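> One structure, as structure tokens, below. Some questions next.
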Amino acid sequence: MTWYLYAFISALGVSATTLLEKKDLKRLHSFEYVVVLSALNLLLACFLLPWVNFHAAPLVLLAIYLASLLGTFGLWLSAKALRHLEVSQVAPLSSLQVLFTLLFAVLLLGERISVPQALGIFIFLYGLWFLNQADYVEDVISHPLRALGQKSLTKVGFYRLLTVLAIALLGLSAILDKWALGRVDILSFIFLVHLGLFFNHFLIYFSLYRRLDYLKETISGINFNIFFVSVFTLVARLAYAQALTLAPVSLVAPIKRLSALFSTFFGGIFFKEEGLALRVMVSVLMFLGVYLIVK
């Protein structure tokens, strides 16, 4: 199977988890939910134990842990934003990971940006601005005038900012993933990442709250839906890791972020969100930019 098929499978898995998580996060607190989900993810990853190599080089183990730490904060911020925003507002913003991945690839791996890539970045950023400024077509004209008199960051703007920060962390994590996967097998990598994510989530949560009562309440409020979230998460990460072993991260990341288009479209339908047509058009525009970036 070629690398882009693995990346496409990963995109479908990410989209499925986004929609299922949104359903749960309508009634559960985001932080407790992420901690419980990370525990279930680790439990499923334990089926990989017979093939896990715990004797990787210390530098590789450190890179995997740092990737999991960045992923911890990225996933927590993403879940918090998803709880307060519509799926079709969050999903297109997740495409920003392509830009951060490209930026970190230039800074850390010495890659260069061509003229078509620069044009793609411009189109992508314009689509991102368009998405953040308007919920309806008529707002494209009126919003800049209203924004001039706006003194503070709105609630929606704040959670969109959290989403961008989360994606930046995940973009840097992708660079570490690519480096580590060149030095350790996929199954070991996936298990160690899940182990690191659970450890980080639980440690941060316990450090903040010093109690587990809220976790018990969250566990009592979850249903079988979270099991599907965990399964799709594991499948998406396995497919993504396989794609990274076959192709550069700058090519894999944009295909994986097709999940934004799937989540925007199906999320708008399932949750009956407003402004769906405009956001889908903007998502397509953003992916035109992505195409130019990786062409």
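Just so we're aligned, residue 57 is where the sequence shown starts under the working numbering, counting upward by one. Here a beta-carbon is modelled for each residue, glycine too, at the ideal position from N, C-alpha and C. This one's a predicted model, so the numbers in the text were calculated from it and none came from an experiment.
(1) Roughly how many angstroms lie between the CA atoms of L264 and D233, to the nearest whole one?
(2) Beta-carbon within less than 8 Å of I246's beta-carbon, same chain only, minus the 5 sequence neighbours each way: which residues are those?
(3) What separation, rounded to the nearest whole angstrom, lies between the Cα atoms of Y182 and K312?
(4) Contact defined as beta carbons within less than 8 Å: I believe K222 pairs with S134. What is the distance between those atoms, to the nearest angstrom?
(5) Which residues in the same chain as G252 place their Cβ atom closer than 6 Å to its Cβ, once the five residues preceding and following it in sequence are excluded?
(6) What separation, rounded to the nearest whole angstrom, lies between the Cα atoms of V285 and A113?
(7) Going by C-alpha distance, which of F160, F180 and H140 is nearest W235?
(8) Roughly how many angstroms separate the alpha carbons of Y261 and M337, rounded to a whole number?
(9) Three-state secondary structure (DSSP) at F110?
(10) Helix, strand or coil: which one does DSSP assign to K272?
(11) Which ranges would you report for the alpha helix (DSSP H) in the segment 76-143 if only whole runs of at least 4 residues count?
(12) With respect to the alpha helix (DSSP H) encompassing A303, which residues constitute its N-terminal and C-terminal limits?
(13) If you drop the 5 nearest sequence neighbours on each side, which residues of the same chain put their C-beta closer than 7 Å to that of V116?
(14) Buried or exposed: L93, going by 16 or more other Cβ atoms within 10 Å of its Cβ?
(15) What is the DSSP secondary structure of I278, reduced to helix, strand or coil?
(16) Compute the Euclidean distance between the alpha carbons of K82 and R139, then round it to the nearest angstrom.
(17) How long is the line joining the alpha carbons of G345 and F156, rounded to whole angstroms?
(18) On the three-state DSSP scale, how would you describe V240?
From the atom records:
(1) 28 Å
(2) A101, L104, L290, R293, L294 and A297
(3) 21 Å
(4) Looking at the sequence provided, one finds Ala at residue 222 rather than Lys. Indeed, because the Cβ distance is near 4 Å, the residues count as touching under 8 Å.
(5) Closer than 6 Å at Cβ, skipping near neighbours: Y121 and S124.
(6) 32 Å
(7) F160
(8) 39 Å
(9) coil
(10) helix
(11) 86-101 and 114-140
(12) Looking at the DSSP string, A303 is not in any alpha helix (DSSP H), and its letter there is neither H nor E.
(13) A236, R239 and V240
(14) buried
(15) Three-state result, I278: coil.
(16) 6 Å
(17) 14 Å
(18) coil
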